[in-house]
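4 protein chains.
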Amino acid sequence: MKTYLYNDSIGSCELLDSMGSDLDIVNAARVSFNVEHVEISTKDEKLINYLYKNKHTSPFEHCVLKFRCVVPLFVARQHMRHRTWSYNEVSRRYTSEELEFYTPETFRPQHKSNRQASEDTDTNPIIRSTPGTNLTWTTKASDSVLKHTRKSVRLFNTLLESGVCREQARMVLPQNMYCKYIATTNLHNCLKFIHLRNKKDSQWEIRVLAQAMEATIKDLFPTTWKAHCAVMEGRTK
Amino acid sequence: MKTYLYNDSIGSCELLDSMGSDLDIVNAARVSFNVEHVEISTKDEKLINYLYKNKHTSPFEHCVLKFRCVVPLFVARQHMRHRTWSYNEVSRRYTSEELEFYTPETFRPQHKSNRQASEDTDTNPIIRSTPGTNLTWTTKASDSVLKHTRKSVRLFNTLLESGVCREQARMVLPQNMYCKYIATTNLHNCLKFIHLRNKKDSQWEIRVLAQAMEATIKDLFPTTWKAHCAVMEGRTK
Amino acid sequence: MKTYLYNDSIGSCELLDSMGSDLDIVNAARVSFNVEHVEISTKDEKLINYLYKNKHTSPFEHCVLKFRCVVPLFVARQHMRHRTWSYNEVSRRYTSEELEFYTPETFRPQHKSNRQASEDTDTNPIIRSTPGTNLTWTTKASDSVLKHTRKSVRLFNTLLESGVCREQARMVLPQNMYCKYIATTNLHNCLKFIHLRNKKDSQWEIRVLAQAMEATIKDLFPTTWKAHCAVMEGRTK
Amino acid sequence: MKTYLYNDSIGSCELLDSMGSDLDIVNAARVSFNVEHVEISTKDEKLINYLYKNKHTSPFEHCVLKFRCVVPLFVARQHMRHRTWSYNEVSRRYTSEELEFYTPETFRPQHKSNRQASEDTDTNPIIRSTPGTNLTWTTKASDSVLKHTRKSVRLFNTLLESGVCREQARMVLPQNMYCKYIATTNLHNCLKFIHLRNKKDSQWEIRVLAQAMEATIKDLFPTTWKAHCAVMEGRTK
Numbered sequence: 034m035k036t037y038l039y040n041d042s043i044g045s046c047e048l049l050d051s052m053g054s055d056l057d058i059v060n061a062a063r064v065s066f067n068v069e070h071v072e073i074s075t076k077d078e079k080l081i082n083y084l085y086k087n088k089h090t091s092p093f094e095h096c097v098l099k100f101r102c103v104v105p106l107f108v109a110r111q112h113m114r115h116r117t118w119s120y121n122e123v124s125r126r127y128t129s130e131e132l133e134f135y136t137p138e139t140f141r142p143q144h145k146s147n148r149q150a151s152e153d154t155d156t157n158p159i160i161r162s163t164p165g166t167n168l169t170w171t172t173k174a175s176d177s178v179l180k181h182t183r184k185s186v187r188l189f190n191t192l193l194e195s196g197v198c199r200e201q202a203r204m205v206l207p208q209n210m211y212c213k214y215i216a217t218t219n220l221h222n223c224l225k226f227i228h229l230r231n232k233k234d235s236q237w238e239i240r241v242l243a244q245a246m247e248a249t250i251k252d253l254f255p256t257t258w259k260a261h262c263a264v265m266e267g268r269t270k
Numbered sequence: 034m035k036t037y038l039y040n041d042s043i044g045s046c047e048l049l050d051s052m053g054s055d056l057d058i059v060n061a062a063r064v065s066f067n068v069e070h071v072e073i074s075t076k077d078e079k080l081i082n083y084l085y086k087n088k089h090t091s092p093f094e095h096c097v098l099k100f101r102c103v104v105p106l107f108v109a110r111q112h113m114r115h116r117t118w119s120y121n122e123v124s125r126r127y128t129s130e131e132l133e134f135y136t137p138e139t140f141r142p143q144h145k146s147n148r149q150a151s152e153d154t155d156t157n158p159i160i161r162s163t164p165g166t167n168l169t170w171t172t173k174a175s176d177s178v179l180k181h182t183r184k185s186v187r188l189f190n191t192l193l194e195s196g197v198c199r200e201q202a203r204m205v206l207p208q209n210m211y212c213k214y215i216a217t218t219n220l221h222n223c224l225k226f227i228h229l230r231n232k233k234d235s236q237w238e239i240r241v242l243a244q245a246m247e248a249t250i251k252d253l254f255p256t257t258w259k260a261h262c263a264v265m266e267g268r269t270k
Numbered sequence: 034m035k036t037y038l039y040n041d042s043i044g045s046c047e048l049l050d051s052m053g054s055d056l057d058i059v060n061a062a063r064v065s066f067n068v069e070h071v072e073i074s075t076k077d078e079k080l081i082n083y084l085y086k087n088k089h090t091s092p093f094e095h096c097v098l099k100f101r102c103v104v105p106l107f108v109a110r111q112h113m114r115h116r117t118w119s120y121n122e123v124s125r126r127y128t129s130e131e132l133e134f135y136t137p138e139t140f141r142p143q144h145k146s147n148r149q150a151s152e153d154t155d156t157n158p159i160i161r162s163t164p165g166t167n168l169t170w171t172t173k174a175s176d177s178v179l180k181h182t183r184k185s186v187r188l189f190n191t192l193l194e195s196g197v198c199r200e201q202a203r204m205v206l207p208q209n210m211y212c213k214y215i216a217t218t219n220l221h222n223c224l225k226f227i228h229l230r231n232k233k234d235s236q237w238e239i240r241v242l243a244q245a246m247e248a249t250i251k252d253l254f255p256t257t258w259k260a261h262c263a264v265m266e267g268r269t270k
Numbered sequence: 034m035k036t037y038l039y040n041d042s043i044g045s046c047e048l049l050d051s052m053g054s055d056l057d058i059v060n061a062a063r064v065s066f067n068v069e070h071v072e073i074s075t076k077d078e079k080l081i082n083y084l085y086k087n088k089h090t091s092p093f094e095h096c097v098l099k100f101r102c103v104v105p106l107f108v109a110r111q112h113m114r115h116r117t118w119s120y121n122e123v124s125r126r127y128t129s130e131e132l133e134f135y136t137p138e139t140f141r142p143q144h145k146s147n148r149q150a151s152e153d154t155d156t157n158p159i160i161r162s163t164p165g166t167n168l169t170w171t172t173k174a175s176d177s178v179l180k181h182t183r184k185s186v187r188l189f190n191t192l193l194e195s196g197v198c199r200e201q202a203r204m205v206l207p208q209n210m211y212c213k214y215i216a217t218t219n220l221h222n223c224l225k226f227i228h229l230r231n232k233k234d235s236q237w238e239i240r241v242l243a244q245a246m247e248a249t250i251k252d253l254f255p256t257t258w259k260a261h262c263a264v265m266e267g268r269t270k
């Protein structure tokens, strides 16, 4: 199983455990037809396609995926808006250790027309590989963010040393702080997450998380993954 | 893994698949403390006890159980009120085959004071083993229910032969009809179901379903099961 | 507010209470844009259309509908598979009074190709208005169902008089028994229910329930209803 | 209806809308007993007490509360872990206006034994009213946090002026940033939130949010509120 890494080698999405296979989806669907298969056939592949395309979602709910995610706080917040997942997160009320921050080397410019987006998230998904059109400010921006992050951590430590409780001191930490958590959901809701978060108008930092999960599904549920791709590409004849 | 059978050898609750162990619960809980264990220790057992007793439920959500249930319709209806489970059921709109019915040999009398219950569901959990205080009516009742069930099936078949659609014809089938479905949930919600449905004032027919699930948890998650028993018995010092 | 009645004047779906309006949807959506309106404008209508079409569902979750439903058991079972609703139902463990049954005067024939459907559910949504192609068996079928229902109730009462507990005696009642319950959900999930259950391949008896809810939404949330119709008709330019 | 304000006069929790009353809970519960009341009686009060104490939660799900919350980011994150609520939040991808930050004048010391808590959250719920045992560092801490917040906002604005997209620039903003959102849930899940978040070991900043909601419930559902208090105080005879 591949572990996905963010471009700074810190952020990641790793499969910890899973339950079920494409065959289990077919058998769950066929419980309503009172039949059970032991090996996947061309007919089964067609059934999975039919179920996915027509939003008969319940058979996909009997398969489960469990991930360990390390993502910037603003990504964790978007992820945790998905209410069908189960989460357990490192609490910053409890520990002040192993603090890590997302400090990209380049930045994306504000989108010209879409108030809510940045440019090029689709054609240049990996930022590091794009030198940027405006290297000067990029370097400065990168330096400023790094310096600011370091200052924030210093203030955090000073507050702790002064006796301020962790649960309050953490308020000075910036939102590029990495959050580490375990996230479990069923295959249907994982695909729904991917569908909503691996979109052109989603922020790149959450798209890479969705893409890591999609790669896992490709490995574990290849037939379902094909059905999903067909729907995404509008090739659903 | 034990498969539970109703006393008529038809109804059953069978584990199809599962994900996770007691150790995974501990590791999910400790993600907030930034530590991970590879083997369960006495300290881990105490942690599971503490989590269960204090309703820190999220670590139990990363373990999953998948069952095949065959239960009378009135039990299936109570089960499916639990909205955190995933269900796939044999559709009686689609097939008229393999119809089976729950026809107990003995019956429980109406409870003297509790309008909503029957007598002795606790002391005599297996009805068949109790001859009943009033054998005469019991036999008659049993016969009447059996005859009525047969007549209902005959009418159902006559309607189908006359050309009536299955989705309407099924309305004449009585509520002792067995429902067959796959049901998946996480460990937290499975324990919640057991807690609510293996109670003194629950109907015996759903208590046996809850007890079958409890037996499965005892096998798969022995430490969690002990914590659960301690809470149920009020022995939670 | 209209109360919908089944063609036998017993089944019904009645709005009991509601919260919110089209304007509240707009304001919930605009909280992300930090603006609030007091009167609905053409721009707001466009926004509702845009949100609905693009599945930005959260703003529709702050509006709520509460219904009293009286539907045949097999319809109640399909309804209660929707896990985002809240339900409270008359318990047949508790009371044996006010038993009512769905006994249609005509029936639909089995669909020629779709194993799971009946003919004509779309062109003849109200069965009573169609004389049926085969009046002879229809009358007989109708009579048989009515007689069977009466016999079932008689057996039920005999069992109760013999001392059998209500929770077991109810198993002889047929599935055309009416269920009475309160059902509450938010506007998003109500529209999802309508979308899934007012389809050509849904059973007529649940389609009329979905249509009753749709009529209520037309009254209470006219702009949302228009957006919903546009999506249903594929007119979503 | 009271609007709650944090001690810095910025944070708040305001009731926007609601549905239902104590009487509606009683009627929802009694649908299972086939009776309906029009005025609340002593018997009804006893029923609400019984339902609440015995966790018959479904009747409380037909009442709804809708709030506008303005809370520090670390409180919003804890709130949004509650997956039965509906949320709509001001997006910092979309707007960089009206940024506000929680900058308390005094701080709580780290708890001596509980790694996850601060001292005195219970006896001194309103921080401002406690001069603090160590005024010197408190003032300095307060100043440092304020200065750090201002610097963070300046860097944020510089990044925006340099052309960095909002969705990335926001990562330098500290976690005392106020989040503004609409949050809707039913009465059962609101009480569950209060039960879990107005505890001794909860962080003061979320306890005041839970307390604001509790005050609203006291006004709108006085009988339910009394039942809730009885359970909280263990006075549930």
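Protein chains in written order, with the working numbering: chain A, 34 to 270; chain B, 34 to 270; chain C, 34 to 270; chain D, 34 to 270. Yeah, the Cβ is synthetic: ideal placement off N, Cα and C, and Gly gets one too.
Remark: C-beta atoms of L224 (chain D) and H261 (chain D) approach each other more closely than 9 Å.
The beta-carbon separation of L193 (chain D) and S129 (chain D), rounded to 6 Å, stays under the 8 Å limit for a contact.
The beta-carbon distance between C96 (chain C) and L220 (chain C), rounded to whole angstroms, is 4 Å. This is short enough to meet the 8 Å contact definition. With a beta-carbon spacing of about 7 Å, T257 (chain C) and F93 (chain C) fall inside the 8 Å limit used to define contacts. Buried is the label assigned to K99 (chain C), since at least 16 other Cβ atoms lie within 10 Å of its Cβ. Using a Cβ-Cβ cut-off of 9 Å, D55 (chain A) does not count as an interface residue toward chain B, since no Cβ of chain B sits closer than that to its own. Residue pairing by DSSP places K99 (chain A) opposite A:D50 and A:T217 in a beta bridge. Contact with chain A is absent for E47 (chain D), since none of that chain's Cβ atoms lies less than 9 Å from the residue's Cβ.
For N82 (chain D), the uninterrupted alpha helix (DSSP H) segment begins and ends at T75 to K86. In summary, the residues of the segment 138-155 of chain C whose CB is separated from some CB of chain B by less than 8 Å are F140, R141, P142, Q143, H144, R148, Q149, A150, S151 and E152, in the order they occur in the chain. Those residues of the segment 184-205 of chain B placed with their C-beta closer than 9 Å to a C-beta in chain C are K184, S185, L188, T191, L192, L193, S195, G196, V197, C198, R199, E200, Q201, A202, R203, M204 and V205, ordered along the chain. In the DSSP annotation of this structure, the continuous segment of the beta strand (DSSP E) that includes E122 (chain D) starts and ends at S119 to E122.
Scanning chain D for C-beta atoms nearer than 7 Å to the C-beta of T217 (chain C) yields E94 and H95, reported in chain order. Closest in C-alpha terms to H144 (chain C), from the list B:L188, B:I239, B:R126 and B:L179, comes B:R126.
The continuous alpha helix (DSSP H) containing P255 (chain D) extends over residues P255 to M265. Distance from the CA of C212 (chain B) to the CA of D77 (chain A), rounded to the nearest whole angstrom, comes to 24 Å. With a cutoff of 9 Å on beta-carbon distance, N82 (chain B) and K251 (chain B) are scored as not near each other. The alpha carbon of L179 (chain D) has as its nearest neighbour, out of A:S175, A:V178, A:V205 and A:K184, the alpha carbon of A:V205. Straight across, the Cα-Cα distance linking E200 (chain C) with Q236 (chain B) is about 7 Å. Measuring C-alpha to C-alpha distances from P105 (chain B) to each of B:E238, B:R203, B:H70 and B:R114 identifies B:E238 as the nearest. Annotation: the continuous alpha helix (DSSP H) that includes D55 (chain D) extends over D55 to R63. Per DSSP, reduced to three states, the secondary structure at F134 (chain A) is strand. L242 (chain B) sits close to H112 (chain B), with the two beta carbons spaced by under 9 Å. Take the alpha-carbon of G196 (chain C) and the one of P142 (chain B): they are about 5 Å apart.
In the three-state reduction of the DSSP assignment, M246 (chain D) falls in the helix class, which pools H, G and I. Counting along the chain, V68 (chain D) sits inside no alpha helix (DSSP H), nor does DSSP assign it H or E at all.
Within chain A, S91 have C-beta atoms less than 8 Å from the C-beta of Y120 (chain B), given in sequence order. Between the alpha carbons of V108 (chain D) and R230 (chain D) lies a gap of roughly 10 Å.
Annotation: D55 (chain C) to P255 (chain C) spans about 7 Å, alpha carbon to alpha carbon. Within the DSSP secondary-structure output, S151 (chain D) pairs in a beta bridge with D:Q143. Note on geometry: alpha-carbon atoms of A263 (chain C) and M210 (chain B) lie some 42 Å from one another. In the assembly as shown, T217 (chain A) is a buried residue. Its beta-carbon has 16 or more other beta-carbons within 10 Å. Not flagged as an interface residue toward chain B: T75 (chain C), since no C-beta distance is shorter than 9 Å. Under the Cβ distance rule, K173 (chain C) counts among the residues neighbouring chain B, one pair being separated by less than 9 Å. Of the candidates A:V123, A:N147, A:S175 and A:F189, A:S175 places its Cα closest to the Cα of E138 (chain A).
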